[in-house]
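Take the sequence shown: its letters are residues -1 to 383, numbered as in the numbering used here. Glycine included, every Cβ here is placed at the ideal spot set by N, Cα and C. In this text the structure is predicted, and so the values were computed from the model without any measurement. See below for the structure under consideration.
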Amino acid sequence: MLSQRASTVIERLRERVFAPGTQKQLELLFNVRTAAEMVGRSEKAIRDAETDGRLPEPVKDAATNRRHGYTLAEVNRMREVFGTLPHRAPEDPPLVMAVQNFKGGVGKSTLVVHLAQHFALKGYRVCVIDCDSQASTTAVFGLNPDVDVDEEEDTLYPFLQHGGPKTLHYALRATYWPGIALIPANLGLYDAEYEFAARMARDPTFILDRLREGVASIADQFDIILLDPPPALGMLSLSVLRAANALLIPAPPNNIDFASTAHFLKMMESTLAELARHGGAREYSFVKILTSKMNDQKSAHQAIKRMMDAVFPQDMLSASLKDSAEIDNATANLMTVYELTGPATRTETHKRCRAYLDAVGREVELLIRKTWPSHHRQLRKEGLL
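Next comes the structure, spelled out in structure tokens:
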């Protein structure tokens, strides 16, 4: 009964946010000035390309003769024409990053969806794999996990079974965000935990390597793959640790969460050693800790943040994910800060929150680009390498 009521609440929320029978859509439009900044070319270059036919003529309002604005897909088309898409070279390794902490409530899924959309706005090809049966990330991308997602056809679950599909292509879904594909999750994915645990003793190599092999089967299509694992040290979380080649650990600056993160790091160290013992050694391009849910007005937060910076001087991101009502309000409407449009985006609260998110995204993006040899020349030119 409780699960049915919970499903009813989710469905009512979805109906309130999205019109019945419709799918979530991206309503972002960019004026020519913003589009030029995103593309890395001048407004004149864009207009010249529209005039000479390299780009289609912009849609204009019949009454005012003003441009409606450019969609993200149209901006990416400009990037393609001008050669400014930031894709990795084919010989560069795809970046597979897990946003991992064994404690819930640290902002893990919030971070995954905002990073994915930040990278998509920059023009990267992104895949988000929801490995968490709670399916928060899936819900924010506009799907009702209990209605729109079948665990036997749409999630990781069939792939993780013995004799399952050979690749993860069956589960990839295009999203309403150009450049972002999703492998969704729902509660049925939790069954994989039981099956993995039962098989671990007799077939540890299959368990440890299966998700890594699945990610490898689709990686050539993407620049960045983001893994959102369960907030617990289970078999799926171990599989995610094995599949990733970079880790981002969100950690709120309060005593309980900081202690939990310290335990997580200690546990992760022993877990990785155990994985290596079973032939699952893994080298990470980077492992970084991000201060999440930071409130600058709280002296306790500031004190613990200083302690985190002192204890992990080389491992902390400079940027912090601030505690913001803007994120909470967007999430309550199954949205992100990047999806908000209209008057809501002109408030100081929104601008501050967007600046925090952009700072986190830029710092992680730089870490990613440093793993791609084809980007090194440009990074040196920019003084970033």
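What separation, rounded to the nearest whole angstrom, lies between the Cα atoms of residue i and residue j?
i: residue 132; j: residue 227; result: 10 Å
i: residue 34; j: residue 52; result: 15 Å
i: residue 280; j: residue 369; result: 16 Å
i: residue 38; j: residue 197; result: 52 Å
i: residue 410; j: residue 29; result: Because the chain spans -1 through 383 in this model, residue 410 falls outside it and cannot be assessed.
i: residue 48; j: residue 42; result: 10 Å
i: residue 78; j: residue 312; result: 37 Å
i: residue 354; j: residue 125; result: 23 Å
i: residue 151; j: residue 111; result: 23 Å
i: residue 233; j: residue 224; result: 18 Å
i: residue 107; j: residue 45; result: 39 Å
i: residue 296; j: residue 252; result: 10 Å
i: residue 246; j: residue 344; result: 31 Å
i: residue 118; j: residue 363; result: 11 Å
i: residue 375; j: residue 285; result: 24 Å
i: residue 61; j: residue 69; result: 21 Å
i: residue 84; j: residue 21; result: 29 Å
i: residue 235; j: residue 258; result: 16 Å
i: residue 171; j: residue 103; result: 27 Å
i: residue 156; j: residue 129; result: 13 Å
i: residue 268; j: residue 160; result: 27 Å
i: residue 328; j: residue 138; result: 10 Å
i: residue 120; j: residue 200; result: 45 Å
i: residue 305; j: residue 115; result: 31 Å
i: residue 346; j: residue 31; result: 21 Å
i: residue 202; j: residue 76; result: 48 Å
i: residue 180; j: residue 222; result: 12 Å
So what does DSSP say about residue i, is it helix, strand or coil?
i: residue 424; result: Residue 424 cannot be examined here, being either before or after the span of the chain that is shown, -1 to 383.
i: residue 122; result: coil
i: residue 286; result: strand
i: residue 179; result: strand
i: residue 315; result: coil
i: residue 266; result: helix
i: residue 330; result: helix
i: residue 65; result: strand
i: residue 357; result: helix
i: residue 218; result: helix
i: residue 128; result: strand
i: residue 271; result: helix
i: residue 210; result: helix
i: residue 172; result: strand
i: residue 368; result: coil
i: residue 22; result: coil
i: residue 106; result: helix
Which first and last residues belong to the beta strand (DSSP E) in which residue i is found?
i: residue 249; result: 244 to 249
i: residue 226; result: 222 to 226
i: residue 95; result: 93 to 97
Which residue from the options puts its Cα closest to that of residue i?
i: residue 250; options: 364, 100, 40, 69; result: 100
i: residue 74; options: 93, 58, 54; result: 54
i: residue 260; options: 282, 301, 310; result: 310
i: residue 95; options: 109, 88, 265, 85; result: 109
i: residue 82; options: 373, 383, 378; result: 373
i: residue 168; options: 212, 343, 194; result: 212
i: residue 92; options: 64, 66, 115, 122; result: 122
i: residue 360; options: 316, 328, 348, 349; result: 316
i: residue 36; options: 327, 163, 71, 173; result: 71
i: residue 173; options: 298, 248, 141, 350; result: 141
i: residue 113; options: 380, 383, 31, 356; result: 356
i: residue 270; options: 215, 231, 307, 314; result: 231
i: residue 352; options: 365, 221, 334, 193; result: 334
i: residue 229; options: 262, 215, 221, 222; result: 262
i: residue 348; options: 325, 358, 367; result: 325
Check for me: the alpha helix (DSSP H) holding residue i runs from which residue to which?
i: residue 374; result: 374 to 379
i: residue 33; result: 30 to 37
i: residue 299; result: 297 to 309
i: residue 57; result: Taken as a continuous stretch (DSSP letters only), residue 57 belongs to no alpha helix (DSSP H), as it is neither H nor E.
i: residue 74; result: 70 to 80
i: residue 145; result: It is not in any alpha helix (DSSP H) - residue 145 carries neither H nor E in the DSSP assignment.
i: residue 138; result: 134 to 138
i: residue 200; result: Run containing residue 200: none; DSSP gives neither H nor E here.
i: residue 237; result: 233 to 241
i: residue 155; result: 155 to 158
i: residue 41; result: 41 to 49
* Does the count of Cβ pairs from the region 330 to 341 and the region 22 to 33 closer than 8 Å reach three? -> Judged by Cβ distances under 8 Å, the region 330 to 341 makes contact with the region 22 to 33, as three or more pairs qualify.
* Asked: Between the region 232 to 240 and the region 204 to 221, are three or more C-beta pairs nearer than 8 Å?
  -> A contact exists between the region 232 to 240 and the region 204 to 221.
* Asked: Using 8 Å as the threshold, is the region 137 to 152 in touch with the region 178 to 186, meaning 3 or more CB pairs across them?
  -> Touching, yes.
* To do: Mind the definition here: the region 319 to 339 touches the region 292 to 303 only if three or more C-beta pairs lie below 8 Å; say whether that holds.
  => These segments touch.
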